[in-house]
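Just below is one structure, and these are the notes that go with it.
Protein chains: 2
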Amino acid sequence: MIRRIPQARDRGIPDATVARLPLYLRALNGMAERGTPTVSSEDLAVAAGVNSAKLRKDLSHLGSYGTRGVGYDVQYLIYQISRELGLTQDWAVAIVGVGNLGRALANYGGFASRGFRIAGLLDADPHVVGDRIAGLVVEHTDELETVIRQRGVSIVVIATPAAPAQQVCDRVIAAGVTSILNFAPVVLAVPDGVDVRKVDLSIELQILAFHEQRKANGGPIMAEEWPDGVVM
Amino acid sequence: MIRRIPQARDRGIPDATVARLPLYLRALNGMAERGTPTVSSEDLAVAAGVNSAKLRKDLSHLGSYGTRGVGYDVQYLIYQISRELGLTQDWAVAIVGVGNLGRALANYGGFASRGFRIAGLLDADPHVVGDRIAGLVVEHTDELETVIRQRGVSIVVIATPAAPAQQVCDRVIAAGVTSILNFAPVVLAVPDGVDVRKVDLSIELQILAFHEQRKANGGPIMAEEWPDGVVM
DNA sequence: TCGACTTTGTGCATAGCTTCACAAAGGCAC
DNA sequence: GTGCCTTTGTGAAGCTATGCACAAAGTCGA
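Sequences listed follow chains A and B, in order. Count the first sequence with full-length UniProt numbering and you get residues 1 to 232, in order. Count the second sequence with full-length UniProt numbering and you get residues 1 to 232, in order.
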């Protein structure tokens, strides 16, 4: 039926693997810049901060792209991972909410270099609309649907406060978007078929605080030896 | 070295659970603001976007704080989760790197409300040093060790570019910090006993792109049914 | 007090992820 | 070609996380 020539086994890549592919890609790009022609799973694993067996298993899900006794060709592996992640095509991204975070995202260089093109910046605040940020003029959120449809936006970043996030979410989904990156501190309700990924800055700090508290209390072993405290 | 004593009465809370506690906490805070006195695991699970059995199992790791037939007392559960996460104490946080992202973090309200006090903003750029952001004056990174020691900083946020991140990391560890939140796109090398959590904005987009590409290609179900193509 | 009803806490089965360990595969020297 | 060396790719084992299903434990009205 449909020919998928370069891709014999792109079925069912585990989520955990997909989440690590960008990590490998970054490590590989660093090696490519330094002119390294090939890399072993051991070296790449160290550069990416993972176990080498895990790395090999991850890569085996993409195909058999290594050479036994030698390792992986850096350029070829970069291409294969990029293709698997969909980074060989151009993705139009819109950022909704141009506060501090939205500005930081708009100016973040890590997007453009990986095939993500910021196609629109939108905000509800008339004082922000018209500002020029990272080469784009901020538009009013009234234009949300128009921007999405006319510029082929397929990924939307929500960087608004918590309150308007769900409404923005509903609107972009109605406009056909099925991939959302959410920075607002709310759980977005979305229909099946829509992917939401969430980044929460304060959650990460809270997880750190948990571990820090453990350390301060004399380590994880002592904790269990505390007597039961006052119970309500 | 860390002793691992697997004990029956182990108070070790699974990492997956710890990562969800802040989520529950936020949902509970919303309920507390609306004056809700008690909540069932079912309702709280919906608010947090998880399965109710998972929520109950997570909470059971903290203790038996619910009442059968009734649910959980919102205020009491907030207190217990906060205490477990270490949010009942005050954490002094320093942010290194006051670019767009550092500014966004400094102005982010979600920190102060959870016991995280920003005790220092540092940058290497003399043009930025002296700026007043979120009530603090930006200091030069030369002062890093002084700021950490004199203000009791126990958590450091690295929001610098990739290049200086490892050096900043080394210095804060040398100054006694063992919890680091890293926004720089590098894998930080740290000794045992130091916790690093990493937030990478472009990785999240790449994961979204992967799934978006899958959808565009006819969905993940069809993929398995494609015949094997040409293999290199 | 009792019985109907609600909701927790958890045993258990399952699914998914990680790590080990090693046979298979390729390069290289001679 | 042969033998040795390196490194991949993967079967299998072990570990962690998930979700079902239900007994236990509590509330509440009569």
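Every residue gets a Cβ at the ideal spot worked out from N, C-alpha and C, and that includes glycine. Values in this document were obtained by computation on a predicted structure and should not be read as measured data.
Asked                                                                                                          : Found
Endpoints, the alpha helix (DSSP H) within which S179/B is located                                             : Segment 179-182 is the beta strand (DSSP E) holding S179/B; no alpha helix (DSSP H) there.
Those residues which DSSP pairs with F210/B across a bridge                                                    : Bridge partners of F210/B: none, in fact.
Segment limits, beta strand (DSSP E) that includes residue 258/B                                               : Nothing can be reported for residue 258/B, as the shown portion of chain B is limited to 1 through 232.
Candidates S202/B, D142/B, V172/B: closest to D195/B by CA position                                            : V172/B
CA-to-CA distance, N29/B to L59/B, given in whole angstroms                                                    : 16 Å
Chain B residues whose Cβ lies nearer than 9 Å to that of R103/A                                               : N100, R103, A104
Where T178/A meets chain B, residues with beta-carbon distance less than 9 Å                                   : H211, E212, K215
Cβ of D195/A within 8 Å of any chain B Cβ                                                                      : yes
Counted within 10 angstroms of its Cβ, other Cβ atoms place V138/A as buried (16 or more) or exposed           : buried
Proximal residues of chain B, C-beta to C-beta of P22/A below 8 Å                                              : D200, S202, I203, Q206, I207
C-beta neighbour in chain B for Y108/A, strict 8 Å                                                             : yes
Test item: CB-CB of G99/A and A159/A under 8 Å                                                                 : yes
Cβ-based burial, A16/A [other Cβ within 10 Å; buried from 16]                                                  : exposed
Nearest neighbour of N182/A, chosen from H140/B, L205/B, S154/B, L122/B [CA to CA]                             : L205/B
Chain B contact residues for I155/A, given Cβ-Cβ distances below 8 Å                                           : L205, L208, A209, E212
Uninterrupted alpha helix (DSSP H) stretches inside the segment 87-159 of chain A (no shorter than 4 residues) : 100-107, 109-112, 144-150
Cutoff 8 Å: A19/A Cβ touching any chain B Cβ                                                                   : yes
Near-chain A residues of the segment 48-65 of chain B - C-beta to any C-beta below 7 Å                         : A48, G49
Start and end residues, alpha helix (DSSP H) containing Y76/B                                                  : 74-85
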